[in-house]
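Q: To convert, note that position 195 of the sequence shown is 232 in the working numbering; the numbers rise steadily by one, no gaps.
By construction, the Cβ of each residue, glycine as well, lies at the ideal position given by its N, Cα and C atoms.
Fair warning: this is a prediction, and the values are worked out from it, not measured in the lab.
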Amino acid sequence: MTMRADHEGKVRYVQHRVNYSANVSYLQNTALLWTSQDGSNELPSGKYEWLFSYTLPSNIPPSFEGKYGYIRYSVKAEVDRPWRFDKAKKLCITVSPLLDLNVIPNAMTPLHDQSAENLGCCCLKKGYLEMRVDIPKTGFVPGETISLNLHLLNNSTVPVTEVKAKIIQQCNFVAFRGGSNFNFTGDSVMAVSQKETKQDANTVIKQTQKITVEPGKEHKLALELRLPSVTPSISQFSPVITVDYLVQVTVDTSSTFGSDIDCEMDVLIGTVPIRQYLPPAYYPPNPAIPPTMPTPIPPSIGAGVAPPGYGFVPQEDSVPADIGAGDAPPYPNGATPYQTKDDTIAIPSAPPLSYQDSMYGTDGTQLNTDENEKPFVPKYPVFNDLPVYNPSAPPQE
Numbered sequence: 038m039t040m041r042a043d044h045e046g047k048v049r050y051v052q053h054r055v056n057y058s059a060n061v062s063y064l065q066n067t068a069l070l071w072t073s074q075d076g077s078n079e080l081p082s083g084k085y086e087w088l089f090s091y092t093l094p095s096n097i098p099p100s101f102e103g104k105y106g107y108i109r110y111s112v113k114a115e116v117d118r119p120w121r122f123d124k125a126k127k128l129c130i131t132v133s134p135l136l137d138l139n140v141i142p143n144a145m146t147p148l149h150d151q152s153a154e155n156l157g158c159c160c161l162k163k164g165y166l167e168m169r170v171d172i173p174k175t176g177f178v179p180g181e182t183i184s185l186n187l188h189l190l191n192n193s194t195v196p197v198t199e200v201k202a203k204i205i206q207q208c209n210f211v212a213f214r215g216g217s218n219f220n221f222t223g224d225s226v227m228a229v230s231q232k233e234t235k236q237d238a239n240t241v242i243k244q245t246q247k248i249t250v251e252p253g254k255e256h257k258l259a260l261e262l263r264l265p266s267v268t269p270s271i272s273q274f275s276p277v278i279t280v281d282y283l284v285q286v287t288v289d290t291s292s293t294f295g296s297d298i299d300c301e302m303d304v305l306i307g308t309v310p311i312r313q314y315l316p317p318a319y320y321p322p323n324p325a326i327p328p329t330m331p332t333p334i335p336p337s338i339g340a341g342v343a344p345p346g347y348g349f350v351p352q353e354d355s356v357p358a359d360i361g362a363g364d365a366p367p368y369p370n371g372a373t374p375y376q377t378k379d380d381t382i383a384i385p386s387a388p389p390l391s392y393q394d395s396m397y398g399t400d401g402t403q404l405n406t407d408e409n410e411k412p413f414v415p416k417y418p419v420f421n422d423l424p425v426y427n428p429s430a431p432p433q434e
């Protein structure tokens, strides 16, 4: 009886009738949970349980399922049956490393963009429409509301009729002609020729609002977009798949040609919200369970503990020495993750959260979907009922 943990990133697509692929191995770990000691190769009938565990490296990306590739973590139990077909069971799991916005300085930086367009075309110009969009900060978490403050100045001869806002998930998939395999050893550039990048963009959420801004007038308004369950931004430790998020705002007019202008800004999606923007009520001073250091897992667990009377021989595949050797991510003010009474892990710098299925469901991936008994849908941390942070919101009309 063996247990195998596989962590890999895969990309595959066809471009101009040429196959491109890439495979990144983050970790492979195999433990022998039980073996016959007397040579009989028999395990008496009954119910058995073997405890196992393994430590995830700190430098790995989150689970992700995309159109042209995925980052997938799985465990597989296999029973070796001499002279018979082996039996195996595979289970995909969600891995969500901490991306704490409190330790990323740029996450607190306000964003703004502005645009001006002379509406119309050729000799039929209608005059300029100007727009400025402000977002109070850069970093957000799923479940949080992104506030957009718009200032419109209509110096054209046509009225503004509509404003549209949306969040776009931008995915880049890197692959190589003929395919390439890599053992991940850090966030390094892979020097391989004939590299190609395939892009895929998906709308996360959108909102449309009818407005009227007459020629010669200005108008201020605020829009809100609540982030659903999506993967955090992926830019580190993932050489073949990156995921970024873009906020796009478009204003339409009644002009027939050249009728709109837009603004775009990149936002960062993390897994721990910015604490300084939340009221003290989200951090009770006397939690039911005080923060303590997590209890170390006994060395025997994970080495493959067999039931009494059965032996155990651990086995591990060769893995690059520096995988998992990195320091743990920093936590603000010494806030170390601790175990709660229901055996979940809490982060003292974060309010309560829930784990929800990815908004894309089983449509998130089209690659290697037959590897599992049913399509895998990763779960991501979602913070419900966070207050809306918008200190510069325009007055309500």
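1. So, under 8 angstroms CB-CB, E255 and N155 are touching, yes? Tell me the CB distance rounded to an integer number of Å.
2. In angstroms, rounded to a whole number, what distance separates the CA positions of E100 and S291?
3. Is there contact here, the stretch 303-310 with the stretch 134-145, by at least three beta-carbon pairs under 8 angstroms?
4. Three or more C-beta pairs closer than 8 angstroms, one from the stretch 63-83 and one from the stretch 237-256: is that the case here?
5. Looking at the unbroken beta strand (DSSP E) that takes in M302, where does it start and where does it end?
6. Would D297 be called buried (16 or more neighbouring beta carbons within 10 Å of its own) or exposed?
7. Can you tell me where the beta strand (DSSP E) with R118 in it begins and where it stops?
8. I think P415 touches S395, with their Cβ atoms under 8 angstroms apart; what is that distance to the nearest whole Å?
9. Near H44, which residues of its chain fall below 7 angstroms by C-beta distance, leaving aside the five closest residues on each side in sequence?
10. What does DSSP give as the partner residues of I248 in its beta bridges?
11. For L138, does the three-state DSSP call read helix, strand or coil?
12. What's the call for Y85, buried or exposed, on a 16-neighbour Cβ count within 10 Å?
13. Exposed or buried, what is D422 when buried is set at 16 or more other beta-carbons lying within 10 Å of its beta-carbon?
14. Per the DSSP calculation, H53 is bridged to which residue(s)?
15. Quick check on the burial criterion: 16 or more other C-beta atoms within 10 angstroms. Buried or exposed for E102?
16. What is the rounded straight-line gap between the Cα of F122 and the Cα of L80?
17. Compare the beta carbon distance of F213 and I278 with 7 angstroms and say whether it is the shorter of the two.
18. Which word fits A153, buried or exposed, when buried means at least 16 other C-beta atoms lie within 10 angstroms of its C-beta?
19. Report buried or exposed for G157, applying the criterion of at least 16 other Cβ atoms within 10 angstroms of its Cβ.
20. What's the gap between the Cα of C300 and the Cα of P142?
21. If you follow the beta strand (DSSP E) that F219 is in, where does it begin and where does it stop?
22. Answer with buried or exposed for S82, where buried requires no fewer than 16 other C-beta atoms within 10 angstroms of its C-beta.
23. Where do the N-terminal and C-terminal ends of the beta strand (DSSP E) with I172 fall, by residue?
24. So the beta strand (DSSP E) V309 belongs to, where does it begin and stop?
25. If distances are taken between C-alpha atoms only, which option among G164, D171, L189, V284 comes closest to V250?
26. For G398, I'd like the list of residues in its chain whose CB is within less than 6 angstroms of its CB, leaving aside the five on either flank, ordered along the chain.
27. Do you know offhand how far V197's Cα is from Q151's?
28. Does DSSP classify T67 as helix, strand or coil?
29. Quick check: is any heavy atom of the ligand ZN less than 6 angstroms from the C-beta of L69?
30. Tell me the residue span of the beta strand (DSSP E) that contains F413.
31. With DSSP as the reference, please indicate the residues paired to L283 in a beta bridge.
32. Within this structure, are the beta carbons of K174 and P431 separated by less than 7 angstroms?
33. Rounded to the nearest angstrom, what separates M302 and R41 at their Cα positions?
34. Between the Cα of R263 and those of K126, Y426, M168, S58, spot the shortest distance and give me the residue it belongs to.
35. Thinking H179 and P265 are a contact (beta carbons under 8 angstroms), I'd like their distance in whole angstroms, please.
A: The relevant details are as follows:
1. What you label residue 255 is simply residue 218 of the sequence shown in a count that begins at 1. What you label residue 155 is simply residue 118 of the sequence shown in a count that begins at 1. Not quite, the Cβ-Cβ distance comes to about 17 angstroms (not below 8 angstroms), so this is no contact.
2. Taking the sequence shown and counting its residues from 1, one reaches residue 100 at position 63. Taking the sequence shown and counting its residues from 1, one reaches residue 291 at position 254. Note that residue 100 is Ser in the sequence shown, not Glu. Answer to the nearest angstrom: the Cα atoms are 44 angstroms apart.
3. Touching, yes, given that three or more Cβ pairs across the two stretches are closer than 8 angstroms.
4. no
5. One-based indexing of the sequence shown puts residue 302 at position 265. From DSSP, the beta strand (DSSP E) with M302 extends over 297-306.
6. Within the sequence shown, numbered from 1, the residue matching residue 297 stands at position 260. It is buried - the Cβ of D297 has at least 16 other Cβ atoms within 10 Å.
7. As a position in the sequence shown, residue 118 is number 81, starting the count at 1. Neither: R118 is in no beta strand (DSSP E) and is coded neither H nor E.
8. The residue given as residue 415 occupies position 378 in the sequence shown. The residue given as residue 395 occupies position 358 in the sequence shown. Yes, they are in contact, since the Cβ atoms of P415 and S395 sit about 5 angstroms apart, within 8 angstroms.
9. Taking the sequence shown and counting its residues from 1, one reaches residue 44 at position 7. Setting aside the 5 residues that flank it on each side, H44 is surrounded in the same chain by Y63, L64, I97, Y110, each with a C-beta closer than 7 angstroms to its C-beta; the list follows chain order.
10. Counting from one through the sequence shown, the residue named residue 248 turns up at place 211. Note: I248 sits in no beta bridge, so no partner.
11. Taking the first residue of the sequence shown as position 1, residue 138 is located at position 101. DSSP places L138 in helix when its eight states are reduced to three.
12. Reading the sequence shown from its first residue, position 48 is the one you call residue 85. Exposed.
13. For the purposes of this step, residue 422 is taken as the residue at position 385 of the sequence shown. Per the 10 Å Cβ criterion, exposed.
14. Residue mapping note: residue 53 aligns to position 16 of the sequence shown, counting from 1. Residue pairing for H53: DSSP places it in no beta bridge.
15. In the sequence shown, residue 102 corresponds to position 65, counting from 1. Buried is the call here.
16. The residue you call residue 122 lines up with position 85 of the sequence shown. The residue you call residue 80 lines up with position 43 of the sequence shown. Cα to Cα, the separation comes out at about 16 angstroms.
17. Here the question's residue 213 lines up with position 176 in the sequence shown. Here the question's residue 278 lines up with position 241 in the sequence shown. No. Outside cutoff.
18. Stepping through the sequence shown from its first residue, residue 153 is reached at position 116. So A153 ends up on the exposed side.
19. Locating residue 157 in the sequence shown gives position 120, counting from the first residue. By the 10 Å Cβ count, G157 comes out buried.
20. Locating residue 300 in the sequence shown gives position 263, counting from the first residue. Locating residue 142 in the sequence shown gives position 105, counting from the first residue. Going by the C-alpha atoms only, they are around 24 angstroms apart.
21. Translated into the one-based positions of the sequence shown, residue 219 becomes position 182. Where F219 is concerned, the enclosing beta strand (DSSP E) stretches over 218-220.
22. Position 45 of the sequence shown, counting from 1, holds the residue named residue 82. Answer is exposed; the Cβ neighbour count stays below 16.
23. Taking the first residue of the sequence shown as 1, we reach residue 172 at position 135. Where I172 is concerned, the enclosing beta strand (DSSP E) stretches over 161-172.
24. Along the sequence shown, read from residue 1 onward, the residue named residue 309 stands at position 272. Taken as a continuous stretch (DSSP letters only), V309 belongs to no beta strand (DSSP E), as it is neither H nor E.
25. The residue labelled residue 250 in the question sits at position 213 within the sequence shown. It is L189.
26. The residue labelled residue 398 in the question sits at position 361 within the sequence shown. Hits under 6 angstroms: V414.
27. On the sequence shown, position 160 is the one that residue 197 refers to. On the sequence shown, position 114 is the one that residue 151 refers to. Going from the Cα of V197 to the Cα of Q151 covers about 16 angstroms.
28. Numbered from its first residue, the sequence shown carries residue 67 at position 30. Of the three classes helix, strand and coil, the one that applies to T67 here is strand, per DSSP.
29. Of the ligands one can find in the structure shown there are none, so the ligand ZN has no counterpart to examine.
30. Position 376 of the sequence shown, counted from the first residue, corresponds to residue 413. No beta strand (DSSP E) holds F413; DSSP gives it neither H nor E.
31. Taking the sequence shown and counting its residues from 1, the one referred to as residue 283 is at position 246. Bridge partners of L283: I205, D303.
32. Taking the sequence shown and counting its residues from 1, the one referred to as residue 174 is at position 137. Taking the sequence shown and counting its residues from 1, the one referred to as residue 431 is at position 394. Going by C-beta atoms, K174 is not nearer than 7 angstroms to P431.
33. Numbered from its first residue, the sequence shown carries residue 302 at position 265. Numbered from its first residue, the sequence shown carries residue 41 at position 4. Roughly 42 angstroms between the two C-alpha positions.
34. Counting from one through the sequence shown, the residue named residue 263 turns up at place 226. Considering only alpha carbons, the answer is Y426.
35. In the sequence shown, the residue the question calls residue 179 occupies position 142. In the sequence shown, the residue the question calls residue 265 occupies position 228. The sequence given here has Pro at residue 179, not His. About 7 angstroms separates the two Cβ atoms, so the contact holds.
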